[in-house]
Ligand SMILES: [Zn+2]
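Now the structure itself:
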């Protein structure tokens with residue numbers, strides 16, 4: 009009898025063990041796997057934001073101002089900052105196209121021009137062109153990730169982000185009372201090997217040229233160089249695009265903001281990162297409400313903007329982030345359910361402090 013019970017229990021246990029330790033090898037291409045969530049949860053996507061929105065990070069060079077204005081009116085976007093990726097005369101033409109359409113609804117951030125870097129008078133020329141852009145109405149200048157990764161000086165050496173020769177440009181920005189935007193490095197996954205452990209594998213496999221694995225300066229080093237610039241120029245206001253390019257590590261961003269009162273961050277193209285850690289992200293937003301700027305870095309479109317409103321305003325769960333279709337990572341996000349005072353600062357008031365009257 010005892011032996012019989014024992015045998016039955018062993019059989020039962022075995023069945024359980026085999027159930028919970030089942031392994032499967034399936035033959036389905038990753039790119040063909042499109043699981044649909046079976047969760048039944050409400051979708052409270054707002055049609056319009058709770059407060060008027062300023063999109064501080066966008067690229068409109070190829071867009072017609074009227075088409076952008078239609079989208080903005082449709083979903084409560086008060087102003088869009090165009091970070092032009094053009095330089096010289098074409099940058100001025102783009103700036104004027106948007107200024108002509110509406111001075112109140114558009115602003116332009118200039119783009120650092122490295123073309124003459126081999127020349128002895130490169131810094132003087134850069135200072136002149138920055139002055140010219142600001143005279144025409146530019147409200148900032150952007151240094152992109154090419155600085156530190158690909159830009160080389162006249163002698164062919166990779167230019168460091170904290171190269172002292174660039175210092176006059178940051179001092180000039182302070183004098184002109186415009187912020188300097190930095191996009192340094194990229195998502196952490198872009199600095200890791202493109203292999204089965206890489207959380208952005210699909211995207212990097214499709215665009216291997218986006219990988220900086222093995223670059224001369226690793227990500228930590230690039231961010232350290234950038235952060236030295238912030239400390240070296242306390243009178244200059246800086247905007248760190250893409251959550252200081254470290255949304256994967258908000259503790260680090262918190263230390264950065266604590267150490268440098270002259271630094272702001274924008275959330276452009278980083279809802280995927282923030283929304284997969286909603287508790288940590290929400291605490292961060294409450295703590296640094298005065299330093300975070302709303303930005304999208306995506307083509308203006310009502311659906312895209314509303315998805316951002318859903319992320320910031322609601323407590324909705326497990327929904328696809330903007331640009332999910334390009335497979336940045338196989339996860340969904342959660343809303344931050346931000347309180348009104350925080351929302352208003354992030355949507356609008358923080359940006360107003362950085363824009364001309
Ligand atoms: Zn951008």
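Numbering (the working numbering), first residue to last: 9 to 365. Cβ atoms here follow ideal geometry from the backbone N, Cα and C, with glycine treated the same way.
Task: the segment 26-43 / the segment 266-280 touching (three or more Cβ pairs under 8 Å) - done: Not touching, per the Cβ criterion.
- [ ] Work out the CA separation of residue 344 and residue 287 for me, nearest whole Å.
- [x] For the purposes of this step, residue 287 is identified with residue 279 of the chain shown, where counting begins at 1. For the purposes of this step, residue 344 is identified with residue 336 of the chain shown, where counting begins at 1. Each residue's alpha carbon lies about 8 Å from the other.
Open item on the list: Looking at residue 334: is its Cβ nearer than 7 Å to the Cβ of residue 256?
Closed with: Here residue 334 refers to the residue found at position 326 when the chain shown is read from its first residue. Here residue 256 refers to the residue found at position 248 when the chain shown is read from its first residue. Their beta carbons are not under 7 Å apart, which means residue 334 does not touch residue 256 by this criterion.
Open item on the list: So, with DSSP's three-state summary, where would you put residue 327?
Closed with: Sequence index remark: in the chain shown, residue 327 carries index 319 (1-based). Reduced to three states, the DSSP call for residue 327 is strand.
- [ ] Helix, strand or coil for residue 261, going by three-state DSSP, please let me know.
- [x] On the chain shown, position 253 is the one that residue 261 refers to. DSSP places residue 261 in helix when its eight states are reduced to three.
Open item on the list: Quick test of your reading: residue 5 and residue 348, contact by CB under 8 Å. State the CB separation rounded to the nearest angstrom.
Closed with: Residue 5 lies beyond the stretch modelled for the chain, which goes from 9 to 365, so this question has no answer here.
TODO: Quick one: grab the DSSP three-state call for residue 86.
DONE: To locate residue 86, count along the chain shown from 1; it is residue 78. Residue 86 falls in the strand class under three-state DSSP.
Open item on the list: Contact between the segment 155-175 and the segment 235-248 is defined here as three or more beta-carbon pairs at a separation below 8 Å; is this criterion met?
Closed with: yes
Open item on the list: Would residue 147 and residue 313 be called neighbours here (beta carbons separated by less than 7 Å)?
Closed with: To locate residue 147, count along the chain shown from 1; it is residue 139. To locate residue 313, count along the chain shown from 1; it is residue 305. Going by C-beta atoms, residue 147 is not nearer than 7 Å to residue 313.
Task: Ranges of the beta strand (DSSP E) found wholly within the segment 40-66, counting only runs of at least 3 - done: 61-66
- [ ] Give every residue of the same chain whose Cβ lies closer than 8 Å to the Cβ of residue 324, excluding the five residues on either side of it in the sequence, and list them in chain order.
- [x] Position 316 of the chain shown, counted from the first residue, corresponds to residue 324. Contacts found: 49, 50, 51, 52, 53, 318, 342 and 343.
Open item on the list: Assuming the contact rule is C-beta atoms closer than 8 Å, residue 193 and residue 227 should be a hit. Round their C-beta distance to whole Å, please.
Closed with: In the chain shown, counting from the first residue as 1, residue 193 sits at position 185. In the chain shown, counting from the first residue as 1, residue 227 sits at position 219. With a Cβ gap of about 5 Å, residue 193 and residue 227 count as contacting.
Task: Coil, strand or helix - residue 275 by DSSP - done: For the purposes of this step, residue 275 is taken as residue 267 along the chain shown, with counting starting at 1. Note: residue 275 maps to coil in three-state DSSP.
Open item on the list: Quick test of your reading: residue 142 and residue 119, contact by CB under 8 Å. State the CB separation rounded to the nearest angstrom.
Closed with: Locating residue 142 in the chain shown gives position 134, where the first residue counts as 1. Locating residue 119 in the chain shown gives position 111, where the first residue counts as 1. The pair is not a contact, with the Cβ atoms about 13 Å apart (cut-off 8 Å).
TODO: In angstroms with no decimal places, state the Cα-to-Cα distance between residue 88 and residue 29.
DONE: In the chain shown, the residue the question calls residue 88 occupies position 80. In the chain shown, the residue the question calls residue 29 occupies position 21. Going from the Cα of residue 88 to the Cα of residue 29 covers about 52 Å.
Task: Contacts around residue 9, its chain only, beta-carbon distance under 7 Å, and the 5 residues preceding and following it disregarded - done: Position 1 of the chain shown, counted from the first residue, corresponds to residue 9. At residue 9 the pLDDT is 49, less than 50, meaning the model places this residue with poor confidence; the figure from the coordinates comes in the next sentence. Apart from sequence neighbours up to five positions away, no residue of its chain approaches residue 9 with a beta-carbon distance below 7 Å.
TODO: Report buried or exposed for residue 34, applying the criterion of at least 16 other Cβ atoms within 10 angstroms of its Cβ.
DONE: In the chain shown, counting from the first residue as 1, residue 34 sits at position 26. With fewer than 16 Cβ atoms within 10 Å of its Cβ, residue 34 is classed as exposed.
Open item on the list: Could you check whether the Cβ of residue 305 sits closer than 6 Å to any heavy atom belonging to ligand 1?
Closed with: Taking the first residue of the chain shown as position 1, residue 305 is located at position 297. Yes, Cβ of residue 305 sits closer than 6 Å to a heavy atom of ligand 1.
TODO: Please report the residue range of the beta strand (DSSP E) in which residue 353 lies.
DONE: Along the chain shown, one-based indexing puts residue 353 at 345. Segment: none, residue 353 is in no beta strand (DSSP E) and carries neither H nor E.
Task: Range covered by the beta strand (DSSP E) that runs through residue 116 - done: Residue 116 sits at position 108 when you count from the first residue of the chain shown. First-last of the beta strand (DSSP E) with residue 116: 114-119.
Open item on the list: Using DSSP's beta-bridge definition, name the partner residues of residue 341.
Closed with: Locating residue 341 in the chain shown gives position 333, where the first residue counts as 1. Answer by DSSP bridge pairing, in chain order: 327.
TODO: Let me know if residue 374 comes out buried or exposed under the rule of 16 or more other beta-carbons within 10 Å of its beta-carbon.
DONE: The shown model of the chain, from 9 to 365, leaves out residue 374, and the question about it has no answer.
Task: Buried/exposed call for residue 360, threshold 16 Cβ in 10 Å - done: As a first step, residue 360 is located in the chain shown; it is residue number 352 there, counting from the start. Answer is exposed; the Cβ neighbour count stays below 16.
Open item on the list: In whole angstroms, give me the CA-to-CA distance for residue 421 and residue 106.
Closed with: In the structure displayed, the chain extends from 9 to 365; residue 421 sits before or after that span and is not available.
Open item on the list: Can you look up residue 27 in the DSSP assignment and give me helix, strand or coil?
Closed with: In the chain shown, residue 27 corresponds to position 19, counting from 1. Three-state result, residue 27: helix.
Open item on the list: Looking at the strands, I want to know which residues DSSP matches up with residue 248.
Closed with: The residue labelled residue 248 in the question sits at position 240 within the chain shown. According to DSSP, residue 248 bridges with 190 and 273.
Open item on the list: Going by beta-carbon coordinates alone, are residue 134 and residue 177 separated by less than 7 Å?
Closed with: As a working mapping, residue 134 is identified with position 126 in the chain shown. As a working mapping, residue 177 is identified with position 169 in the chain shown. It is a contact, given that the beta carbons lie within the stated cut-off.
TODO: In the DSSP assignment, find the unbroken alpha helix (DSSP H) run with residue 102 in it and report its ends.
DONE: Residue numbering aside, residue 102 sits at position 94 when the chain shown is read from its first letter. Counting along the chain, the alpha helix (DSSP H) containing residue 102 begins and ends at 96-109.
Task: Range covered by the beta strand (DSSP E) that runs through residue 150 - done: Looking up residue 150 in the chain shown gives position 142. First-last of the beta strand (DSSP E) with residue 150: 149-151.
- [ ] Could you tell me which residues DSSP pairs with residue 144 in its beta bridges?
- [x] Here residue 144 refers to the residue found at position 136 of the chain shown. Answer is none; residue 144 lacks a bridge partner.
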